[in-house]
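Each remark here refers to the structure printed beneath this line.
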Amino acid sequence: MPSDPHAKFFVNAGVVTSRIDMQHVLRPILKQTVTYRYLRGRELVTHGTGWVERLVVDQPDISTFFTPIAITINIDSFEHLEFETRPDQLLVYQLVNGDERIVLEFAPVGAVDDESPMAPRQLAFDTSGFVQMELLGLDRVEEE
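The sequence shown begins at 3 in our numbering and counts up one residue at a time.
Next up, the structure:
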């Protein structure tokens, strides 16, 4: 007597095709700094480090984009997600669409070889020309 099919399960690695499963697998990178590599075939097109701002599903009007400042991932932009566990127990994610793929990894937190092109870089911002001001609310009375 055949039974209903069971939900798939993965242990430390797998290929996920369900959009909702892809969203769940990617959830740990939300609000995290990651390195990304964009590959077309075997060619590295570009790479960088960015902050994962949003994970989106079922919103076709929102694009996927990767910048050093913010990353938005629309699950619907990809055919499937491949993931595997590194020896240090962190995951490597590969978002795949045809022969294009984005490889995502948590950005290193400790000492990094500064000469590596994959090393994260701090964004520089000159604040010398700015003044910090504090505004009082309407209901607050300033004491004299």
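Glycine included, C-beta positions come from ideal geometry on N, C-alpha and C.
Note that the structure is predicted; figures quoted are calculated from it, not measured.
From the options, pick the residue whose C-alpha is nearest to that of residue i; which is it?
i      : options               : result
Gln25  : Leu106, Val58, Pro62  : Val58
Arg29  : Asp101, Pro110, Asn76 : Asn76
Pro110 : Pro62, Asp90, Arg44   : Asp90
Start and end of the alpha helix (DSSP H) containing residue i?
i     : result
Leu28 : 21-28
Where do the ends of the beta strand (DSSP E) carrying residue i lie?
i      : result
Asn14  : Unbroken run through Asn14: none, as it is neither H nor E.
Glu136 : Taken as a continuous stretch (DSSP letters only), Glu136 belongs to no beta strand (DSSP E), as it is neither H nor E.
Leu57  : 45-58
Leu83  : 82-87
By DSSP, does residue i sit in helix, in strand, or in coil?
i      : result
Ile71  : coil
Ile31  : helix
Ile77  : helix
Ile64  : coil
Arg103 : strand
Leu92  : coil
So residue i and residue j are supposed to be a Cβ contact under 8 Å. How far apart are they, rounded?
i     : j     : result
Val94 : Arg88 : 6 Å
Glu84 : Val17 : 5 Å
Val36 : Val54 : 6 Å
Is residue i near the ligand FAD - that is, is its Cβ less than 8 Å away from at least one heavy atom of it?
i     : result
Val36 : By its list of ligands, the structure shown contains no ligand whatsoever, and the ligand FAD lies outside what it can speak to.
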